[in-house]
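Numbering (this note's numbering), first residue to last: 1 to 386.
Using N, Cα and C, we set each Cβ at its ideal position, and we do this for glycine too.
In this text the structure is predicted, and so the values were computed from the model without any measurement.
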């Protein structure tokens, strides 16, 4: 059942259009190879002629981790290069295939084949942990880049992939135990772990693909060309704020180039004036690229301004303004009927948890406690009873 499900979902992912088409195809390739690998677990149910061919599927397993890595990278940083990793996996698979073909031609080929299979199994486990470390590194880099470019802290991509890697590592523990049982000749333990690993494969495959298909509209990658795009010529400023946010390359009154945005003392004041007048932070999907375009600045200039003059990430800068707006709304007596979640949405947050975290960080208290204190301060004193 697991093999059939993998093959069916792989085909579906391959033909599904959308913004994540490239990443989905890498995932489809991973599931296709997983399905072929699972078929080998039931090789005893196959005819003898097909059973002997099952050992030649083993080298294809060296492509599974590179394909999963390519999926993670394509989801986090669309447009990044992953071909070298795929070619490395293909080289390993080709080497192991040649080794199996060579041992099959020997007179004592069966013993040599077992030796090659043991070596291949060891290399597969080493490859898995190497790629696991690489994928964790990609996730950490994505998290930093996300905080520098996006204002919404709730990254579905990070949560999904972090969960995926954690579950994968947990399941691989049982695969490793199964391999050790095979190496040591512990047939009883090997047979005990066989259904456990098969069950994990079924559950993970279902959850893995259904999540990727049903929640892909929530996934947000950081374009691989973010930095290069930042160096490009800035977009024309928003006509409504052209006076507030002039081009950094404009000339001064004496005809000399104005200082760069990141070093111009007046640039920060212009940025704050724009934030107060236009309130772009009310958009939950605001990114540093869209804000820079509205200002008529380069993305890198805006990033350097925040990092060098304020010492904050874009994420923290936007949340500071959102919290200030939320505090203003919480103090408004006319809005007492609104819930805290309603206030959060009006201030640009898209979840109550992220709102509570940001509010406590910047105000030192919870939104509910802040509103209660503000209402108590604004209420007239009670008259003493006669």
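The Cβ atoms of residue 302 and residue 374 do not sit closer than 8 Å to each other. Residue 123 and residue 148 have their alpha carbons spaced roughly 38 Å apart.
Selection 134, 98 and 132 evaluated against residue 120 yields 98 as nearest (Cα-Cα). DSSP, read as helix, strand or coil, puts residue 287 in strand.
As a beta-bridge residue in DSSP terms, residue 150 pairs with 287.
Straight across, the Cα-Cα distance linking residue 59 with residue 116 is about 11 Å. In the three-state DSSP reduction, residue 351 falls in the coil class, being neither helix nor strand. Comparing alpha carbon positions, the residue from 305, 321 and 151 closest to residue 268 is 305. Around the CB of residue 203, fewer than 16 other CB atoms lie within 10 Å, so the residue is classed as exposed.
Put simply, of 321, 285 and 310 the residue whose alpha carbon is nearest the alpha carbon of residue 276 is 321. The DSSP-derived three-state label of residue 82 is coil. By the neighbour-count definition (other C-beta atoms within 10 Å, threshold 16), residue 289 is a buried residue. Put simply, of 75, 176 and 160 the residue whose alpha carbon is nearest the alpha carbon of residue 118 is 176. The segment 19 to 33 makes contact with the segment 71 to 91; the number of CB pairs closer than 8 Å reaches 3 or more.
In terms of Cβ geometry, residue 161 and residue 132 do not form a close pair [threshold 8 Å]. By the neighbour-count criterion, in which 16 or more other beta carbons inside 10 Å mark a residue as buried, residue 287 falls on the buried side. The beta carbon of residue 143 sits closer than 7 Å to the beta carbons of 158 from its chain, once the five residues preceding and following it are set aside; these are given in chain order. Residue 297 carries a coil assignment under DSSP once its states are collapsed to helix, strand and coil.
Distance from the Cα of residue 76 is smallest, within the candidate group 22, 31, 88 and 125, for 22. Minimum Cα-Cα distance from residue 125 among the listed residues 291, 82 and 173 corresponds to 173. Going by DSSP, residue 176 is part of the alpha helix (DSSP H) stretching over 156 to 184.
Rounded to the nearest whole angstrom, the CA to CA distance from residue 211 to residue 33 is 19 Å. Each residue's CA atom was taken as its position, placing residue 198 and residue 137 some 29 Å apart.
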